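J.: A single structure is presented below for examination.
2 protein chains.
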Amino acid sequence: MCDNGKQTNDQLNDNFDFKIAAQDGTARAGEFTTPHGVLQTPLFAPVGTQATVKSITPAQLDDLGATLVLANTYHLFLRPGDELVAKMGGLHEFMQWQRPMLTDSGGFQVFSLAEMRKVDEDGVTFKSHIDGSMKRLTPESSIKIQENLGADIIMAFDECSDPNDRGYVEQAMGRTHRWAQRCLDAKKRDDQALFGIVQGGIFDDLREQSARTISAMGFPGHAIGGLSVGETKAEMYHTVEVCNSVLPPEKPRYLMGVGTPEDLIEGVLRGIDIFDCVLPTRLARHNSAMTMFGRLNLMNRTFTEDLRPIDETCSCYTCRTFTRAYLRHLVVAREMLAATLLSIHNLHTLLQLARDLRQAIIEGRLEAFADEAIARLNLPRTPKRQL
Amino acid sequence: MCDNGKQTNDQLNDNFDFKIAAQDGTARAGEFTTPHGVLQTPLFAPVGTQATVKSITPAQLDDLGATLVLANTYHLFLRPGDELVAKMGGLHEFMQWQRPMLTDSGGFQVFSLAEMRKVDEDGVTFKSHIDGSMKRLTPESSIKIQENLGADIIMAFDECSDPNDRGYVEQAMGRTHRWAQRCLDAKKRDDQALFGIVQGGIFDDLREQSARTISAMGFPGHAIGGLSVGETKAEMYHTVEVCNSVLPPEKPRYLMGVGTPEDLIEGVLRGIDIFDCVLPTRLARHNSAMTMFGRLNLMNRTFTEDLRPIDETCSCYTCRTFTRAYLRHLVVAREMLAATLLSIHNLHTLLQLARDLRQAIIEGRLEAFADEAIARLNLPRTPKRQL
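For the protein sequence lines, the chains are A and B, in the order given.
Residue numbers for the first sequence, in the working numbering: 1 to 387.
Residue numbers for the second sequence, in the working numbering: 388 to 774.
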């Protein structure tokens, strides 16, 4: 059982394959084969926390050209329960998303959402944010839950710490490494790729050490965790560089929980293949439209009689169909359709950006694309440091 | 101006035409031509109160085969304002519904939603339920607002009273008749059909009198108002019979605010062509699925592991795609997608029922269809009285 787990994780098995189709500097355009189809990278994965991308149907998600969808192990473990999902045929069947899926390990949510938590070497005990009941996650149970859920890509159970507290970061990193091996040992299913997670806060030496340790374990893909949690953009981009200087380029790289347009651009430039973030749907529920020229708050009175779409260059259903004036009316009248239409637009913005980044890599013009896009966002470029 | 209004209302003008394609007893299958297309009757009109059918995109509404959509004059007058809607190109353009639309007159909402109201012979002064400001509607201003909104079918401004209080009903009916004439006189646009509204509570003689008075005014279509407000089903069906025994059969008949499956069936049997109701979308937001075998509350624990669709005979997107177990999860997790998916299903149920009723009329088997459908709903048939 354990041997089988180790074997299948030492390399990509028949169910998985990662090919780099084009490179431009450190950036890559990849093709990641999974049991539910081939993912073209770089890609942005919409988040379906509770087995639904909030306010969007799977049909709308498919129209948007979404490929990989993420769901949260922590939430589904608590409700409706991973065993129920397994009984219902697994996550793909349950929520009717037939393309690839990814589940996180629950680690991040235990440390950000649970009301109380107690970490020990074996795992974490915490209080459910739903009903206050005591729950426990360990590397073994996280893998078991993710096997019940049945996503194509599953994640090692890690410990997220305050990225600036070196003492805590060192302890948490050590545990994350020991837990990573336990996850590899616990894994049984061949049709799931288990990714290892690099931790180490904002400390270059710890990140290098973590990337080296995790890389040596033979995961078929790697993630960078513990970022986008309060550090500066410069720190985040630098940490990505440090990790990617160690992580093997022949395996996919996933920057967890990151999802502004500028983060996608700067991340892709530094060799990231996969991103996910709740931002597009969360901003939508707060009346905000993401565009490649900044954010618009549709509540703003200036849109009252504005007959333009959110973004005249955007080809999404919302922009093809509705005016800012109508969207503002929906927002002011607190109509649910506002969240749906803004989610469609915001997801399109990031999905299209990922497609554009891929094309720019293939055509060898990524730097120029990035300069132009970041300038249009009215932001400064963050130059790569020479490592 | 007034002459022009009267002329166009004396008969259906070039923009409108009502043909009866088939009859089965008192029931009819009609074709109602409007500037935005031909309506096949009997039909059920989804309600888009604030220029949106709650939680549904126009594309989803179109997929459902919806034809006529209703919007509320009272709500749109208060927010965003009919003049803004006119500036934005009218209601069809504003909300992007390119098929026929209907606006009510605001009368019903003034009497059901406004916090305070004062009726005089000229009109009604009331307090906005949104910001508490004082507003006024008169027959003339209701028509002006509805001309700004630009629906294909518009309604005369009426007064809704407690249907059981004969003294009040008589007063309100009298005013409704005088206001109806003022609406006809005020109307300017040729591309809108103004329907008159019959009032009279639950009193047969008053309903007959109202139907006779309204019929004589030359409206191109007639509505029965003041029902589904607390009277019994038997009283409602009987009142429909009384009104329709007077209303001219060659013009379309609209039963306002009515929309359970059994009401559609009993209404069609009695010669109604058009129905509207918020019920399907409102029930959806309260976790309830409408089916032709009764209602299901998806919050119910019995659906936890139920792999069946809501209705195995239903062809809507929700039933083609999702299990009751998944819908229950969405409902329990308070996910917005629940309202969207249940709205799609509930609207489909009534839209499909109206299509099935039409087919039964055309094939001359309406009584048998009604018997079977009402039995499946586990309800008693309400026999027609001989008038």
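Ideal Cβ placement from N, Cα and C applies to all residues, glycine included.
None of these values were measured; they are calculated from a predicted model.
Under 8 Å by Cβ, that's how I've got residue 769/B and residue 679/B pegged, so tell me the actual separation to the nearest angstrom.
T.: Taking the first residue of the second sequence as 1, we reach residue 769/B at position 382. Taking the first residue of the second sequence as 1, we reach residue 679/B at position 292. Contact flag wrong, Cβ pair sits at about 17 Å.
J.: Can you pull the DSSP bridge partners for residue 46/A?
T.: Reading the first sequence from its first residue, position 46 is the one you call residue 46/A. Per DSSP, 277/A.
J.: Just the chain A side, please: which residues come within less than 7 Å of residue 690/B by C-beta, in chain order?
T.: Position 303 of the second sequence, counting from 1, holds the residue named residue 690/B. Ordered by position in chain A, no residue passes the 7 Å Cβ test against residue 690/B, which lies about 11 Å from the chain.
J.: Please work out which residues of its chain come closer than 8 Å, Cβ to Cβ, to residue 1/A, disregarding the five sequence neighbours upstream and downstream, and give them in chain order.
T.: Counting from one through the first sequence, the residue named residue 1/A turns up at place 1. Confidence at residue 1/A is low in this model, with a pLDDT of 33, below 50, so its placement is unreliable and the value that follows should be read with caution. Excluding the 5 residues flanking it on each side, residue 1/A has same chain C-beta neighbours closer than 8 Å at 188, in chain order.
J.: Kindly say whether residue 643/B, judged by its beta-carbon, lies nearer than 8 Å to any beta-carbon of chain A.
T.: Here residue 643/B is taken as the residue at index 256 of the second sequence, counted from 1. Cβ-Cβ to chain A under 8 Å: no for residue 643/B.
J.: Could you check whether the Cβ of residue 441/B sits closer than 8 Å to any Cβ belonging to chain A?
T.: Walking along the second sequence from the start, residue 441/B turns up at place 54. It does; some Cβ of chain A falls within 8 Å.
J.: Per DSSP, residue 24/A is paired with what?
T.: For the purposes of this step, residue 24/A is taken as the residue at position 24 of the first sequence. According to DSSP, residue 24/A bridges with 27/A.
J.: Once the 5 residues before and after residue 179/A are set aside, which same chain residues still bring their CB inside 6 Å of it?
T.: The count along the first sequence starts at 1 and reaches residue 179/A at position 179. The residues are 139, 157.
J.: Please list, in chain order, the chain B residues whose beta carbon lies closer than 9 Å to that of residue 79/A.
T.: Indexing the first sequence from 1 puts residue 79/A at position 79. Here the neighbours are 716, 719, 720.
J.: DSSP three-state label for residue 232/A, please.
T.: Taking the first sequence and counting its residues from 1, one reaches residue 232/A at position 232. Residue 232/A: coil per DSSP, three-state reduction.
J.: For the segment 63-147 of chain A, list the beta strand (DSSP E) runs that are entirely contained and at least 3 residues long, ordered along the chain.
T.: For the segment 63-147 of chain A, whole beta strand (DSSP E) runs of length 3 or above, ordered along the chain, are 69-71, 101-103, 117-119, 124-127, 134-137.
J.: Enumerate in chain order the residues of its own chain whose CB-to-CB distance from residue 653/B is below 7 Å, with the five nearest sequence positions on each side excluded.
T.: To locate residue 653/B, count along the second sequence from 1; it is residue 266. Hits under 7 Å: 624, 769.
J.: Could you work out which residues of chain B lie near residue 84/A, taking near to mean beta carbons separated by less than 9 Å?
T.: Position 84 of the first sequence, counted from the first residue, corresponds to residue 84/A. What residue 84/A touches in chain B: 691, 692, 712, 716.
J.: Taking only beta-carbon atoms, is residue 483/B less than 8 Å away from chain A?
T.: Translated into positions along the second sequence, residue 483/B becomes position 96. Yes, residue 483/B lies at the interface with chain A (some Cβ there is under 8 Å from its Cβ).
J.: Nearest to residue 228/A by alpha carbon, out of 278/A, 144/A, 154/A, 289/A?
T.: The residue given as residue 228/A occupies position 228 in the first sequence. Ranking 278/A, 144/A, 154/A, 289/A by Cα distance to residue 228/A puts 278/A first.
J.: Could you tell me whether any Cβ in chain A is nearer than 8 Å to the Cβ of residue 686/B?
T.: Locating residue 686/B in the second sequence gives position 299, counting from the first residue. For residue 686/B, the answer is no, since every Cβ of chain A falls outside 8 Å of its Cβ.
J.: With a 10 Å radius around its C-beta and 16 neighbouring C-beta atoms as the bar for buried, classify residue 386/B as buried or exposed.
T.: A question about residue 386/B goes unanswered here, because the residues of chain B that appear run from 388 up to 774.
J.: Which of the three DSSP states is assigned to residue 201/A in this structure?
T.: Position 201 of the first sequence, counted from the first residue, corresponds to residue 201/A. Coil at residue 201/A, not helix or strand.
J.: Would you list the one or two residues that DSSP bridges to residue 153/A?
T.: Position 153 of the first sequence, counted from the first residue, corresponds to residue 153/A. Its beta-bridge partners are 102/A, 193/A.
J.: Could you compute how far the alpha carbon of residue 677/B sits from the alpha carbon of residue 534/B?
T.: Locating residue 677/B in the second sequence gives position 290, where the first residue counts as 1. Locating residue 534/B in the second sequence gives position 147, where the first residue counts as 1. Rounded to whole angstroms, residue 677/B to residue 534/B spans 35 Å at the Cα level.
J.: Starting from residue 349/A and walking both ways along the alpha helix (DSSP H), at which residues does that stretch end?
T.: Position 349 of the first sequence, counted from the start, is the residue given in the question as residue 349/A. Looking at the DSSP string, the run of the alpha helix (DSSP H) that includes residue 349/A is 336-362.
J.: With distance defined between alpha-carbon atoms, name the residue in 587/B, 713/B, 705/B nearest to residue 59/A.
T.: What you label residue 59/A is simply residue 59 of the first sequence in a count that begins at 1. A check of alpha carbon separations from residue 59/A across 587/B, 713/B, 705/B identifies 705/B as the nearest.
J.: In chain B, which residues lie less than 8 Å from residue 317/A when you measure between Cβ atoms?
T.: Stepping through the first sequence from its first residue, residue 317/A is reached at position 317. 444, 446, listed in chain order.
J.: For residue 45/A, tell me which candidate among 380/A, 324/A, 153/A has the shortest Cα-Cα distance.
T.: By one-based count along the first sequence, residue 45/A stands at place 45. Out of 380/A, 324/A, 153/A, 153/A has the C-alpha closest to the C-alpha of residue 45/A.
J.: Any heavy atom of the ligand MG closer than 7 Å to the CB of residue 553/B?
T.: The ligand MG is not among the ligands present in this structure, which contains no ligands whatsoever.
J.: On the three-pair Cβ rule with 8 Å, is the segment 80-97 of chain A touching the segment 705-716 of chain B?
T.: yes
J.: Based on DSSP bridge pairs, tell me the residues matched to residue 567/B.
T.: Working through the second sequence from its first residue, we reach residue 567/B at position 180. Paired residues: none, contrary to the question.
J.: Quick one: what does DSSP say residue 215/A is sitting in, helix, strand or coil?
T.: Counting from one through the first sequence, the residue named residue 215/A turns up at place 215. It is helical.
J.: Am I right that residue 582/B and residue 609/B are in contact with their C-beta atoms under 8 Å? What's the rounded C-beta distance?
T.: As a position in the second sequence, residue 582/B is number 195, starting the count at 1. As a position in the second sequence, residue 609/B is number 222, starting the count at 1. Between residue 609/B and residue 582/B the Cβ distance is about 6 Å, and since that is below 8 Å, they are a contact.
J.: Assuming residue 646/B is part of the beta strand (DSSP E), what are its boundary residues?
T.: As a first step, residue 646/B is located in the second sequence; it is residue number 259 there, counting from the start. Taken as a continuous stretch (DSSP letters only), residue 646/B belongs to no beta strand (DSSP E), as it is neither H nor E.
J.: Is residue 451/B close to chain A, meaning its C-beta is less than 8 Å from at least one C-beta of that chain?
T.: On the second sequence, position 64 is the one that residue 451/B refers to. Closer than 8 Å: no.
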